[in-house]
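Chemist: Oh and the sequence shown: position 78 is 78 in full-length UniProt numbering, straight run, nothing missing.
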Amino acid sequence: MHTPPPRVVATVAALGLLSQLEVRYGRLLLFQSGGCCDGSTPMCYAQGDFLTGDADICVGFAGETPFYMTPELFSYWQNCQIVLDIADGRGGMFSLDSGTGKRFITQSRLFSDAELAALAAITITTSASHAAR
1 MHTPPPRVVA
11 TVAALGLLSQ
21 LEVRYGRLLL
31 FQSGGCCDGS
41 TPMCYAQGDF
51 LTGDADICVG
61 FAGETPFYMT
71 PELFSYWQNC
81 QIVLDIADGR
91 GGMFSLDSGT
101 GKRFITQSRL
111 FSDAELAALA
121 AITITTSASH
131 AAR
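(1) From the DSSP output, read off the bridge partner residues of Ser108.
(2) Here's a check: name, in chain order, each residue in its chain whose Cβ is nearer than 8 Å to the Cβ of Met69, leaving out the five neighbours to either side.
(3) Between which two residues does the beta strand (DSSP E) harbouring Pro6 extend?
(4) Which residue's Cα is closest to the Cα of Phe67: Ser98, Ile105, Arg90?
(5) So is Ser75 buried or exposed if we call it buried at 16+ other beta carbons inside 10 Å?
(6) Out of Phe50, Glu64, Glu72, Ala10, which one is the CA nearest neighbour of Glu22?
(7) Straight-line CA distance for Ala132 to Ser95?
(8) Count the C-beta pairs between the region 98-118 and the region 46-56 that are closer than 8 Å, then say yes if the count reaches three, no if not.
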């Protein structure tokens with residue numbers, strides 16, 4: 001059996017921006033927006049400033065930063081590896097990257113059949129299960 005691939009990876013540039021924001025705001029979390037006010041962008045918050053719902057899924061980590069999304073959105077992304085990157089421009093109005101001249105973006109790639117089989121053995125972690133630890 002193959003080793004499961006990470007569901008989330010981050011570019012060096014994205015990790016650099018996360019590091020800059022962490023110096024300023026402390027520990028962070030990312031939440032993949034489902035497409036309301038700020039489109040479907042990853043939103044960056046200080047931990048404690050944004051409360052995830054009990055059913056929200058921690059799909060992985062960008063460096064040390066947890067990356068969450070709703071179960072409904074995960075149903076669309078479950079067959080893809082999320083690649084966190086940055087682009088020039090303004091971030092979402094409530095996201096900590098707003099005002100830096102850069103914004104977080106997500107790209108993706110489809111998992112292979114072997115990767116999906118390896119991922120099937122992993123339990124999905126929700127916000128409620130994180131809180132229970």
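Glycine included, C-beta positions come from ideal geometry on N, C-alpha and C.
Modeler: Once the coordinates are examined:
(1) Secondary-structure assignment with DSSP links Ser108 through a beta bridge to Ile82.
(2) The answer, listed in chain order, is Phe31, Gln32, Gly34, Asp56, Ile57, Val59, Trp77.
(3) No beta strand (DSSP E) holds Pro6; DSSP gives it neither H nor E.
(4) Distance check between Phe67 and each of Ser98, Ile105, Arg90 places Ile105 closest, using alpha-carbon atoms only.
(5) With fewer than 16 Cβ atoms within 10 Å of its Cβ, Ser75 is classed as exposed.
(6) Ranking the options by Cα distance to Glu22, first place goes to Glu64.
(7) Residue placement at Ala132 cannot be trusted, given a pLDDT of 49 that sits under 50; what the coordinates show is reported in the next sentence. Taking C-alpha positions only, Ala132 is separated from Ser95 by approximately 27 Å.
(8) Verdict: no, contact absent.
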